[in-house]
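Residue numbers (the numbering used here): 17 to 496.
Think of the CB as a built atom: it goes at the ideal place given N, C-alpha and C, for glycine as much as any other residue.
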Ligand SMILES: Nc1ncnc2c1ncn2[C@@H]1O[C@H](COP(=O)(O)OP(=O)(O)OP(=O)(O)O)[C@@H](O)[C@H]1O
Ligand SMILES: [Mg+2]
C-alpha cells in the first residue's frame, strides 16, 4: 500500500529539517498502533531489531503524539555501555512526586511511561550481570526499589508506572539481556525496511523539499530517479563491498541512504536549476557518503563505475556529457579517479564566517583556490594561533568535506589518516569558515571521568545554553 500522498506532505510542519521527518509507511502505522495499544493496556513491550529500523523514532513518535502531556509523564533514558545503575535510579526518582508514605509516582491523576532506549548496551560486570537492567527488573518484579540516600534505606514503592524498551540485536557491544527481565515484556521484532517503504519514505521527503523550496519542474520531476538510483547503489554496495577484517566499516544501512537524500536537500533552487546539476549533486553526495569510506583505489573505481551505471539507468543520461567539465585530459571520457575527484560541491564561495552559506557546485578550480587561500588568510588574522598551511588540492577537498558535514544537522566526522595529514588544522579552518567555535578538552596530569564530565558540561553550556555553534574536536592522542 502506498501511503505517500499529497495530503501527507502538506502536513509536514513548516521549517522542519528533512532529517526529522517521519513519513507514514505500513511500518509506522503498524508499530505505532501496537505501541499505543500496549501503553493504554499497561502491557510492557520491547522492540528488538537491527540498527536503523526506526525503533527509537517510532516509540518517540507515539510518546510525543499519542499521550497528552497533562495525563502522561514520560521519562526517556538512553542506555550506553557506561550507564550506572545508580544514575538510572536517580534519573527516574527525580521525576516522581511523593504520593503517600513510601509511595512515589507521577503527579496524582497521571500515569508514567519510562522509555528505555538501547536496553542491552550496559557493560556486563564481572559476574555477567548488567546492573542497570537489574535495577529495572527490581522495579518491575517488586514494584520499586530502596532509597539509597536515606540511611535506613526504606523501600520506595513506585506506582502508576510502566516500562517500554527498545534494543538492537545482540552483537557489537550489545549483549543478550537476562531472561528474568526479558520475560516481562511483549517482544516485537523489527525487520529491515523493504525496498518499497524505503523508496516511499525518501520520495516523500524529496517531493516535500522540492515543493516547499520552489524548484523548477525540471528538477522536481527527478525525485523518483534520484531515489531509484540511490537504491541501486545502496543495494550494489551491500552486495559487492562486504565487510572483511581489513574493511570492518563497510557496513551500510538506512542511515547512509538517508544521508544521500538529505544531502540533496542542502542545495537551494538557485544552485539546482537543471537536471544535469541534480545528477552531479547526486553523484557528489554518493561519493561523499559511500565513496569517502572506501579504503583503496580498486573500491573507489568500483564506486565510479556504479555511478556511471546509475547515470545510464535510471537517470538515462550520458555520463561523459554530464560530467564533461571533469575531463582534464580532454579525451572525451571521465574514466580515472583523478578526474572524478574534481566533482565538488560546497559552500566555500561564500565569504569567511558568513552565517548563510548556500551549497553550490564548484566548477572553477582557480576560484576555489582563491577562496580557500583567502579563508586561510582571514583565519590567521582572527586566530591567536595562526597556521601556515599550504592548501593544495587534497587539503582543499578535505576542507570541503569537513565543511559539508559541519553544516548537516547531527553531522559527525571521523577523520582517519596518518599523522600530519591536517586532520586537526583543517577542522579548525573549516569550523571558522562556518563561524563555529572549536572546543577541545585539555588533558592535564590528572584527568579522570570527573574532569571529563566537567568539560562536557562546559561544552553543553556553550552550545545548548548560549547557542553557539561549536565543533567538538577530539583526537586519538587524548584517549587513554
Ligand atoms: N518512516 C520513516 N520516515 C522517515 N524517516 C524514518 C522512518 N523510519 C525511520 N526513519 C529514520 O531512520 C533513522 C533510524 O531510526 P532510529 O534511530 O529510530 O533507528 P533505531 O532502530 O533506533 O536504530 P538503533 O538500533 O541504531 O538505535 C532515523 O533517522 C529515522 O528518522
Ligand atoms: Mg535507537
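Check                                                                                                                                     : Outcome
Cβ of residue 182 within 8 Å of any heavy atom in ligand 2?                                                                               : yes
Would you mind working out which of 329, 390, 99 and 119 sits nearest residue 152, comparing C-alpha positions?                           : 99
Please state whether DSSP places residue 226 in a helix, a strand or coil.                                                                : helix
Can you grab the Cα-Cα spacing for the pair residue 400 / residue 53, in whole Å?                                                         : 59 Å
Measuring straight from C-alpha to C-alpha, what distance separates residue 337 and residue 292?                                          : 9 Å
Under 9 Å between the Cβ atoms of residue 243 and residue 277?                                                                            : yes
Would you check if the segment 72-83 and the segment 38-56 touch, i.e. whether three or more CB-CB distances between them fall below 8 Å? : yes
Going by CA-CA distance only, name the one from 181, 122, 202 and 313 that's closest to residue 354.                                      : 313
Out of 231, 51 and 322, which one is the CA nearest neighbour of residue 254?                                                             : 322
Any chance the CB of residue 32 is under 8 Å from a heavy atom of ligand 1?                                                               : no
Residues bridged to residue 128 by DSSP?                                                                                                  : 89 and 177
Are the beta-carbon atoms belonging to residue 284 and residue 375 less than 9 Å from one another?                                        : yes
Measure the alpha-carbon distance for residue 350 versus residue 342 and round it to whole angstroms.                                     : 7 Å
Residue 202 by DSSP, collapsed to three states: which one?                                                                                : strand
Looking at residue 156: is its Cβ nearer than 9 Å to the Cβ of residue 121?                                                               : no
Is any heavy atom of ligand 2 found at a distance shorter than 8 Å from the C-beta of residue 72?                                         : yes
Can you check whether the C-beta of residue 418 is within less than 9 Å of a C-beta belonging to chain D?                                 : Judged by its chain identifiers, the structure shown contains no chain D, having just a single protein chain.
Between the alpha carbons of residue 33 and residue 167, how many angstroms are there, rounded?                                           : 49 Å
In whole angstroms, what is the alpha-carbon distance linking residue 270 and residue 164?                                                : 43 Å
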